[in-house]
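Read through the structure below, which is laid out as C-alpha coordinates, and then see the notes.
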Amino acid sequence: MLIRSVEKFLRTYDMPATKFGRLAAHDPRFVLDLRMGRIPRQQTEARIVAFMAGFEAAGQHKRVSANVG
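Under full-length UniProt numbering, the sequence shown has 60 at position 60, and the numbering climbs by one with no breaks.
Right, dumping it as C-alpha coordinates:
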(Lines of atoms letter the chains of each structure in order from A and count residues from 1; the text may use other names and numbers.)
(Lines give C-alpha, C1' and ligand atoms only; values in the text may rest on other atoms or scores of the structure.)
Protein backbone atom coordinates (compact mmCIF):
# COMPACT_ATOMS: atom_id res chain seq x y z
CA MET A 1 0.00 0.00 0.00
CA LEU A 2 1.16 3.49 -0.79
CA ILE A 3 0.41 4.88 2.67
CA ARG A 4 2.83 2.42 4.29
CA SER A 5 5.63 3.46 1.94
CA VAL A 6 4.89 7.13 2.53
CA GLU A 7 4.79 6.74 6.32
CA LYS A 8 8.13 4.89 6.26
CA PHE A 9 9.61 7.63 4.07
CA LEU A 10 8.36 10.32 6.47
CA ARG A 11 9.91 8.57 9.47
CA THR A 12 13.18 7.82 7.68
CA TYR A 13 13.73 11.39 6.51
CA ASP A 14 11.99 13.12 9.42
CA MET A 15 9.79 15.02 6.99
CA PRO A 16 6.45 16.58 7.94
CA ALA A 17 3.44 15.18 6.10
CA THR A 18 2.47 18.57 4.70
CA LYS A 19 5.95 19.19 3.27
CA PHE A 20 5.94 15.78 1.63
CA GLY A 21 2.52 16.50 0.14
CA ARG A 22 3.65 19.84 -1.27
CA LEU A 23 6.83 18.40 -2.78
CA ALA A 24 5.48 15.10 -4.09
CA ALA A 25 1.88 15.87 -5.03
CA HIS A 26 1.60 19.67 -4.93
CA ASP A 27 -1.06 19.11 -2.26
CA PRO A 28 -0.19 19.72 1.40
CA ARG A 29 -3.16 17.58 2.49
CA PHE A 30 -2.15 14.58 0.40
CA VAL A 31 -0.76 12.44 3.25
CA LEU A 32 -3.56 13.47 5.59
CA ASP A 33 -6.08 12.42 2.95
CA LEU A 34 -4.27 9.08 2.47
CA ARG A 35 -4.51 8.51 6.20
CA MET A 36 -8.26 9.12 5.97
CA GLY A 37 -8.64 6.52 3.21
CA ARG A 38 -8.03 8.44 0.00
CA ILE A 39 -7.13 6.14 -2.87
CA PRO A 40 -5.04 8.03 -5.44
CA ARG A 41 -5.23 7.41 -9.15
CA GLN A 42 -2.65 5.05 -10.62
CA GLN A 43 -0.79 7.96 -12.26
CA THR A 44 -0.64 9.86 -8.98
CA GLU A 45 0.64 6.82 -7.11
CA ALA A 46 3.34 6.27 -9.73
CA ARG A 47 4.40 9.94 -9.44
CA ILE A 48 4.64 9.67 -5.63
CA VAL A 49 6.70 6.47 -5.81
CA ALA A 50 8.98 8.11 -8.38
CA PHE A 51 9.38 11.17 -6.15
CA MET A 52 10.44 9.01 -3.19
CA ALA A 53 12.91 7.03 -5.32
CA GLY A 54 14.34 10.20 -6.85
CA PHE A 55 14.65 11.89 -3.46
CA GLU A 56 16.61 8.95 -2.08
CA ALA A 57 18.79 8.62 -5.19
CA ALA A 58 19.61 12.33 -5.33
CA GLY A 59 20.85 12.37 -1.75
CA GLN A 60 18.68 15.39 -0.94
CA HIS A 61 18.08 14.11 2.53
CA LYS A 62 19.42 13.97 6.01
CA ARG A 63 18.78 10.59 7.48
CA VAL A 64 17.49 10.49 11.01
CA SER A 65 20.36 9.53 13.26
CA ALA A 66 20.35 8.59 16.89
CA ASN A 67 22.08 11.01 19.22
CA VAL A 68 25.00 9.17 20.66
CA GLY A 69 26.65 10.53 23.77
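Built from N, CA and C at the ideal position, the CB exists for glycine as well.
- Collapsing the DSSP output to three states places MET52 in a helix.
- The Cβ neighbour count for GLY37, taken over all protein chains shown within 10 Å, is under 16; the residue is labelled exposed.
- For LEU2, the closest alpha carbon among the candidates ALA58, LYS19 and ALA24 is that of ALA24.
- Spatial neighbours of PRO28 in its own chain (CB-CB distance under 6 angstroms, excluding positions within 5 residues in sequence) are listed in chain order as THR18, GLY21 and ARG22.
- It is roughly 17 angstroms from the alpha-carbon of VAL31 to the alpha-carbon of ALA53.
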